[in-house]
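Accompanying notes for the structure given below.
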Amino acid sequence: MVKENTGRGRASRNAKHVCMYLLLAFFIVILPLILFLKKVWLLSLSGVRKKNYEFASVSSHKTSKALESPIKSSFVGYATPMSTTEFYFDATSQHLGKAAGVLAHKDSFREAPTGQILSTIGMGTYIGDKDDRTDNLVADAIVQSVNAGVNVIDSASNYRGGKGEISVGMALRRLFSNEESNAIDDEPTTPRRRFSRSEIFISTKAGFVSSKELFKRAMKKGANKADFGGGGKHCIAPACLEASLDISLERMGIQTVDLFYLHNVAEKRDSEVASQAELLDMIQRAFVHLEKERDLGRIRYYGLATFSKSFRLPPGQPGALDVFDVVNVARKAKGCDILPSAFVAKNDPNEDVLTCDHGFRYIQLPVSPASFPEMYTKSWQSKGFETLADAASRYKVGLFSSKSLGREPPKCLDLSTRGTSLALMSKNEKARILDITRSSPGLLSALVGHKTPAHVRANLDVMAISPLTTNEFNAKVAKCQTKGAV
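Numbering (the numbering used here), first residue to last: 1211 to 1696.
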């Protein structure tokens, strides 16, 4: 009996020892391991969240590592038909007239081929010195313009050495988040309300290699020296476009640009190619990359920003482009069938144009009735069948004007004030020229650069009246149709 009790006691003590050893093992080995694994998991989760924050995209497509944006903090979204329509109603309401001092006319807006409602005047950012004071002036002019009903902002990677885009970013932070201006010498304009990213149509351009930083980034992404033409200062190879877009988005503080132009391709690269076909091949390779950027949500649409060549030359001239050919290049880049050559002879709009969701939807070129009237006076497009204005309408391509004030002095224009009571506009010749330019047949919006308060106010007065009717426009420019008139 005693032996049995002793055996049971020994077994009980052994069980206690096992439990103690297991408990020690749990605290010494297993628990630290669990805590370590939990920490690793939390760090991993934090990294994923951080990455998702830093590289957030409005696109539902997966982002490839090669094209991830380095933006860490920026405004998400893009201009939408609904929000730009709301901007239109707000801009033409009495509420705006009281808040901004200018009541935009309901006809001072047009529908873009991509559905947005855009102002017939757009804010350009080309002019000015490369200094901080000009940055503040341009940013303030943008805020003042948006207050008065302008919802088109245009820039480029090389404008003012990149400071054009920086000024845009400064203005957007004030418009979208009520950030205060850092201007010292000038009293800044206060946004009349908090605007949203989806109300403002923003465009920029790539092509000019205007900084060492852009060259360095492009080379790191895979560009080679053969990609750089125009004296080594121009590049539309995929690596250059990707690097340029990275920088532009960083400067402006946005994650998506509404319109991304290839900048002066024919003007800078035509002398390096043997034929128009080679020039179109160069553009197509760029378009293929831009379609990828669309899939990633970094751009919405793309286009060509041109100057002295491209769409301002007759067929067959070196550097001349036909919008029909460029549309087919975009269709091929998207993987669609090209339009047959017989399409150019059709007078009626054709639904075939809408069967391909390519991104080539806009062209920018100099337009001014006294100096650059080719857009609506020369039947150089669609193989010599129609004007650019008519062809763009058929192919669902919107037209923006640069150099909207033309050359000076515009002796052939009728610059009478057509009865307007707007004092600043009646005293400002350039504002009256701008009014005529934005009334050009087929034009979506006339871009103008302004920064001094007086010029901004005078140009914004144009928004308060309706564009010229066709008969009024023809009367204003009648003398300009005479050969040699400038």
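Glycine is no exception: its CB is placed at the ideal position from the N, C-alpha and C atoms.
{"query": "Complete beta strand (DSSP E) runs within the region 1507–1575 (minimum length 3 residues, chain order)", "result": "1509–1515"}
{"query": "For residue 1499, the first and last residue of its enclosing alpha helix (DSSP H)", "result": "1486–1505"}
{"query": "Best match in 1429, 1360, 1520 and 1511 for proximity to residue 1474 [C-alpha to C-alpha]", "result": "1520"}
{"query": "For residue 1364, the residue or residues it bridges with in DSSP", "result": "1334 and 1413"}
{"query": "C-beta atoms of residue 1159 and residue 1669 nearer than 8 Å", "result": "What is shown of the chain runs 1211 to 1696, which leaves residue 1159 out entirely."}
{"query": "Beta-carbon proximity of residue 1659 to residue 1337, cut-off 8 Å", "result": "yes"}
{"query": "Inter-residue Cα distance where the pair is residue 1493 and residue 1500", "result": "10 Å"}
{"query": "Sub-8 Å separation of residue 1284 and residue 1335 beta-carbons", "result": "no"}
{"query": "Check whether residue 1367 and residue 1418 have beta carbons under 8 Å apart", "result": "yes"}
{"query": "Coil, strand or helix - residue 1473 by DSSP", "result": "strand"}
{"query": "Cβ-based burial, residue 1258 [other Cβ within 10 Å; buried from 16]", "result": "Annotation note: pLDDT 33 at residue 1258 (below 50); position unreliable, no value reported."}
{"query": "Close beta carbons around residue 1511, own chain, < 8 Å, minus the five adjacent residues each side", "result": "1324, 1468, 1469, 1470, 1504, 1569, 1570, 1571 and 1572"}
{"query": "Closest Cα partner of residue 1341 within the set 1507, 1371 and 1647", "result": "1371"}
{"query": "Short Cβ contact (8 Å threshold) for residue 1317 with residue 1677", "result": "yes"}
{"query": "Three-state secondary structure assigned by DSSP to residue 1444", "result": "strand"}
{"query": "Between the CA atoms of residue 1459 and residue 1249 - distance to the nearest angstrom", "result": "Interpretation of residue 1249 is limited by its pLDDT of 49, a score under 50 that renders its predicted location unreliable; the figure taken from the coordinates is listed afterwards. The straight-line gap from Cα to Cα measures roughly 35 Å."}
{"query": "Residue 1449 to residue 1516 span [Cα, whole Å]", "result": "21 Å"}
{"query": "Neighbourhood of residue 1373 by C-beta distance below 7 Å, restricted to the same chain and skipping five residues each side", "result": "1340 and 1345"}
{"query": "Test item: CB-CB of residue 1412 and residue 1381 under 8 Å", "result": "no"}
{"query": "Pair within 8 Å by beta-carbon distance, residue 1644 and residue 1690", "result": "no"}
{"query": "CB contact flag (residue 1656, residue 1667, <8 Å)", "result": "no"}
{"query": "Beta-carbon proximity of residue 1652 to residue 1602, cut-off 8 Å", "result": "yes"}
{"query": "Span of the alpha helix (DSSP H), counted from its first residue to its last, around residue 1370", "result": "Looking at the DSSP string, residue 1370 is not in any alpha helix (DSSP H), and its letter there is neither H nor E."}
{"query": "Boundaries of the alpha helix (DSSP H) in which residue 1327 is found, first to last residue", "result": "Where residue 1327 is concerned, there is no enclosing alpha helix (DSSP H), although the beta strand (DSSP E) it sits in stretches over 1327–1329."}
{"query": "With 16 other Cβ atoms within 10 Å as the buried cut-off, status of residue 1680", "result": "exposed"}
{"query": "Selection from 1319, 1408, 1476 and 1491 that minimises the alpha carbon distance to residue 1292", "result": "1408"}
{"query": "Euclidean distance between Cα positions of residue 1577 and residue 1435", "result": "35 Å"}
{"query": "CA nearest to the CA of residue 1488, picked from 1388, 1528 and 1422", "result": "1528"}
{"query": "Close-in-space but distant-in-sequence residues of the same chain around residue 1594 (CB under 7 Å, 5 per side omitted)", "result": "1525"}
{"query": "Straight-line gap, residue 1463 to residue 1437 (C-alpha atoms, nearest Å)", "result": "28 Å"}
{"query": "Identity of the residue in 1423, 1399 and 1673 nearest residue 1347 by Cα", "result": "1399"}
{"query": "Residues bridged to residue 1591 (per DSSP)", "result": "1596"}
{"query": "Per DSSP, cross-strand counterpart(s) of residue 1658", "result": "1333"}
{"query": "Own chain partners of residue 1386 with C-beta closer than 8 Å, once the 5 adjacent residues on each side are dropped", "result": "1285, 1404, 1405, 1406 and 1407"}
{"query": "Residue 1313 beta carbon less than 8 Å from that of residue 1362", "result": "no"}
{"query": "Bridge partner(s) assigned by DSSP for residue 1578", "result": "1582"}
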